[in-house]
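Taking it in order: structure first as structure tokens, then the write-up.
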Amino acid sequence: AEDTGVRVELAEEDDGKKSSIALRLWVEDQKKLKGKYKDSGAIEFSFDLETEVPESIAQEMVDSGFFLEIDVKIVSKSIRDRVSLIKWRRQRIVSGCN
Amino acid sequence: SSAAQVVHSAGRRFIVSPVPESRLKDQ
């Protein structure tokens, strides 16, 4: 995944079953952001792998003042990259079991 | 302060806490 300067990780162990997971996002390299960034620290949130899309999370973070509108794409891409990796790992575990 | 802060937006909860120094790149 491209280094967007925004880090997204699992905030807790993924049990591979629950559709809702806990993620944690923070800015590792604020020079990669286009807008002025207020250092908010690590932002933990839940994400439903089946019903939600990263773009809506990123937009809510902008609406909450964590990021500027100009950076909504970079934030949603960072979340998307991590979510894709989690889904890939889950599928790999399932296919491994099969 | 270093305590976690909770922000609500559109029914979603964001929990904000300090990032450990070790996890920050050359900021």
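Chains A and B supply the protein sequences, listed in that same order. With the first letter of the first sequence counted as 1, position 49 gets the number 49 in the working numbering; the numbers rise by one all the way through. Going from the second sequence to the working numbering is simple: count from 1 and add 100. The beta-carbon is built from N, C-alpha and C at its ideal position, and this holds for glycine as well. Keep in mind it's a predicted model, so treat the numbers as computed, not measured.
Q) Can you tell me whether DSSP reads residue 20(A) as helix, strand or coil? A) Judged by DSSP in its simplified three-state form, residue 20(A) adopts strand.
Q | residue 116(B) burial status per 10 Å Cβ neighbour count (16 or more: buried) | A | That one is buried.
**Q.** Rounded straight-line distance, which links the Cα of residue 98(A) to that of residue 67(A)
**A.** 42 Å
Q.
Using only the alpha-carbon positions, how far apart do residue 11(A) and residue 41(A) sit?
A. 14 Å
Q: Compute the Euclidean distance between the alpha carbons of residue 47(A) and residue 23(A), then round it to the nearest angstrom.
A: Residue 47(A) and residue 23(A) have their C-alpha atoms roughly 7 Å apart.
Q.
Just checking: is the beta-carbon of residue 63(A) within a distance shorter than 8 Å of some beta-carbon in chain B?
A. yes
(Q) Could you check whether the segment 28-39 of chain A touches the segment 52-59 of chain A, counting it as contact only if at least three pairs of C-beta atoms, one from each stretch, sit closer than 8 Å? (A) no
Q: Could you pull out every residue in the same chain whose Cβ sits closer than 8 Å to the Cβ of residue 5(A), ignoring the five residues on either side in sequence?
A: 27, 28, 29, 30, 31, 32, 33 and 74
Q.
I'd like the list of long-range same chain contacts for residue 106(B), defined as Cβ closer than 8 Å, with 5 residues on each side in sequence excluded.
A. 113, 114, 115 and 116
Q: Taking the CB atoms as reference points, tell me whether residue 19(A) and residue 50(A) lie closer together than 8 Å.
A: yes
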